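Following: one structure in structure tokens, then a few remarks.
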Amino acid sequence: LGMTADDNIPDYFDSNETWPGMIGAIRDQGGCGSCWAFSAAEALSDRFSIQTGELLTLSPQYLVSCDYSNNGCNGGNLDLVWRYMKSHGTS
718 LGMTADDNIP DYFDSNETWP GMIGAIRDQG GCGSCWAFSA AEALSDRFSI
768 QTGELLTLSP QYLVSCDYSN NGCNGGNLDL VWRYMKSHGT S
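Right, here's the structure in full:
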């Protein structure tokens, strides 16, 4: 990862303390194997919120239902969902 032993990595880091109110709550995917959609939606939501200062919540269900390059509740691939969001957007 390009890090050396001399890099200053903190022993403790909490993104909720660093960016209060900008990190979305953990959501439950239930019995659906949609971790790929939840993680992608939350990562992009959090990055947008941190960048703009406005809380945004994107829908993992949109990705599960509309990204046919992945397998819905039967699993998916982050490479594919990033490509999908780049070319089609998300909500």
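Going by my numbering, the sequence shown opens with residue 718, and the numbers climb by one from there.
Cβ atoms here follow ideal geometry from the backbone N, Cα and C, with glycine treated the same way.
Note that the structure is predicted; figures quoted are calculated from it, not measured.
(request) Under 7 Å Cβ to Cβ from Ile767, same chain only, skipping five residues before and after it: list those, please. (result) Trp736, Met739
(request) In angstroms with no decimal places, state the Cα-to-Cα distance between Asp763 and Ala757. (result) Answer to the nearest angstrom: the Cα atoms are 10 Å apart.
(message) Taking its Cβ as the centre, do 16 or more other Cβ atoms sit within 10 Å of Val799, making it buried, or is it exposed?
(response) Checking the sequence shown, residue 799 turns out to be Trp, not Val. So Trp799 ends up on the exposed side.
(message) With a threshold of 8 Å on Cβ separation, who are the neighbours of Gly770 within its own chain once the five nearest residues in sequence on each side are excluded?
(response) Counting only residues of its own chain and dropping the five nearest sequence neighbours on each side, Gly770 has a CB closer than 8 Å to the CB of Met739.
(message) Considering just the uninterrupted stretch of the alpha helix (DSSP H) at Thr769, what are its terminal residues?
(response) 752 to 769
(request) Classify Tyr801 as buried or exposed, calling it buried when 16 or more other Cβ atoms lie within 10 Å of its own Cβ. (result) buried
(request) Over the uninterrupted alpha helix (DSSP H) stretch that includes Pro782, give me the two end residues. (result) The sequence shown places Ser at residue 782, not Pro. Taken as a continuous stretch (DSSP letters only), the alpha helix (DSSP H) holding Ser782 covers 777 to 783.
(request) Determine the DSSP secondary structure at Asn794, reduced to helix, strand or coil. (result) coil
(request) Taking 8 Å as the cut-off, decide whether the C-beta atoms of Ala754 and Gly793 are in contact. (result) Using a Cβ distance threshold of 8 Å, Ala754 and Gly793 count as a contacting pair.
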